[in-house]
Amino acid sequence: MNPQAKLIFATSLLLGTTITISSNHWITAWAGLEINTLAILPLISKSHHPRAIEAATKYFLVQATASALVLFSSMTNAWHTGQWDITQLTHPESCLILTSAIAMKLGLAPFHFWFPEVLQGSPLLTGLLLSTVMKFPPITLFLLTSHSLNPTLLTCMALLSAALGGWMGLNQTQIRKILAFSSIAHLGWMTIIISYNPKLTLLNFYLYALMTTATFLALNSTKVLKLSTLMTSWTKAPALNATLFLILLSLAGLPPLTGFLPKWLIIQELTKQDMAPAAVMISLLSLLGLFFYLRLAYCATITLPPHTTNQMKLWHTNKPTHVSVAILAATSTTLLPISPMISTLL
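Adding 10 to a residue's 1-based position in the sequence shown gives its number in our numbering.
Shown next as structure tokens:
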């Protein structure tokens, strides 16, 4: 893909995201979502591989359906209340339709089936965009309408996402699919708290985006796509693989790493809201995710594979690790000590 095309698509992504997150009117928010969808499609299908074309087609169909539902929800609300303002979504049916539409946009259970397939068919850097940047506008719409949405429905969807994200990631060997199920599980944590403390959802999203960006860029540096190649990638960049080990444990939410911070604050807030059973359930379900993160970490660093592998071991790469990977890796693992300062900002 030539640089001019990449620049146009990157600018369109930035424009679409900015329009959606800064709009007050439903039509402009919808237009931003559409610009985003159209800008990412060529980036998904740029390899012209059948799997990539299939991923782009699935992505287009799902996002078009979700955008139509967003428009239908806002029109129904405007019909009943005369309001086009995003924060004035008050009609019950409109709230229900919007919840389904945003869940479809994000890949939140039970509308999650498209996300692992699309991520598997995309290149690593496009997968990074799909996991982080493309989720920001729908999350913003969720935040703006959180006071109108049904907390019980959101809690059920969050627990289902945490369960399916952990359970379906257990048996995967493709790293992009594992990261897709990781994303679904993290969305569960963001959704469960959104009705009670939307700022915590935003904090969780920022830290998730930080850790996921570090993971994708580290994998992209060593060009690793599946577990069998991850097992032999340590010879290529030993220091980077050791760092990847810490980033994966941070994604799992283990103390004393950054990923523990949002989980800790969310469990604390749920307990304050008399939702201790939900806090216990989502904490237990996160153990499923911990298993596959540990498996990734084990393959990346801890030991040599216990069986013979057909993959040829690669010698050290002469290309230095990019400084952005180093900065992201450092922040992905060391932010927990400044949690008092972060919590004062909430």
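Where a beta carbon is used, it is the ideal one built from N, C-alpha and C, also for glycine.
Of all C-beta pairs linking the stretch 185-199 to the stretch 295-305, three or more are shorter than 8 Å, placing the two stretches in contact. The three-state secondary structure of residue 184, taken from DSSP, is strand.
Distance from the Cα of residue 169 is smallest, within the candidate group 109, 291, 99, for 291. Between residue 39 and residue 22, the C-beta spacing is not below 8 Å. Annotation for residue 45: the continuous alpha helix (DSSP H) segment containing it runs 36-54. With a contact defined as Cβ atoms closer than 8 Å, residue 335 and residue 228 qualify at about 6 Å. Across the structure, residue 60 and residue 110 are spaced so that their CA atoms are roughly 30 Å apart. Between residue 147 and residue 34, the C-beta gap is not smaller than 8 Å, which leaves the two residues out of contact. Judged by beta-carbon spacing, residue 259 lies within the 8 Å limit of residue 267, meaning their Cβ atoms are closer than that value.
Straight-line measurement puts the Cα of residue 58 at about 21 Å from the Cα of residue 185.
Listed as beta-bridge partners of residue 95 by DSSP are 35. With respect to residue 66, residue 51 sits close: the two C-beta atoms are nearer than 8 Å. In the three-state DSSP reduction, residue 246 falls in the coil class, being neither helix nor strand. The closest CA to that of residue 199, considering only 17, 274, 309, is found on 274. Non-local beta-carbon contacts of residue 236 in its own chain, meaning distances under 7 Å to residues more than five positions away in sequence, involve 183, 184, 185 in chain order. Counting C-beta atoms within 10 angstroms of its own C-beta, residue 233 has fewer than 16 neighbours from the protein chains shown and is therefore classed as exposed. Beyond the five residues adjoining it in sequence on each side, residue 218 comes within less than 7 Å, by CB distance, of 196 in the same chain, given in chain order.
Rounded to the nearest whole angstrom, the CA to CA distance from residue 114 to residue 71 is 11 Å. When the five nearest sequence neighbours on each side are left out, the beta carbons in the same chain lying within less than 8 Å of the beta carbon of residue 295 are those of 169, 172, 173, 176, 195, 198, in order along the chain.
Within the same chain, 257 come within 6 Å of residue 225 by CB-CB distance, once the 5 residues on both sides are set aside. Around the beta carbon of residue 130, 16 or more other beta carbons sit within 10 angstroms, so the residue counts as buried.
Residue 94 places its beta carbon less than 8 Å from that of residue 84.
With contact defined as three or more Cβ pairs closer than 8 Å, the stretch 282-289 and the stretch 235-255 are not in contact.
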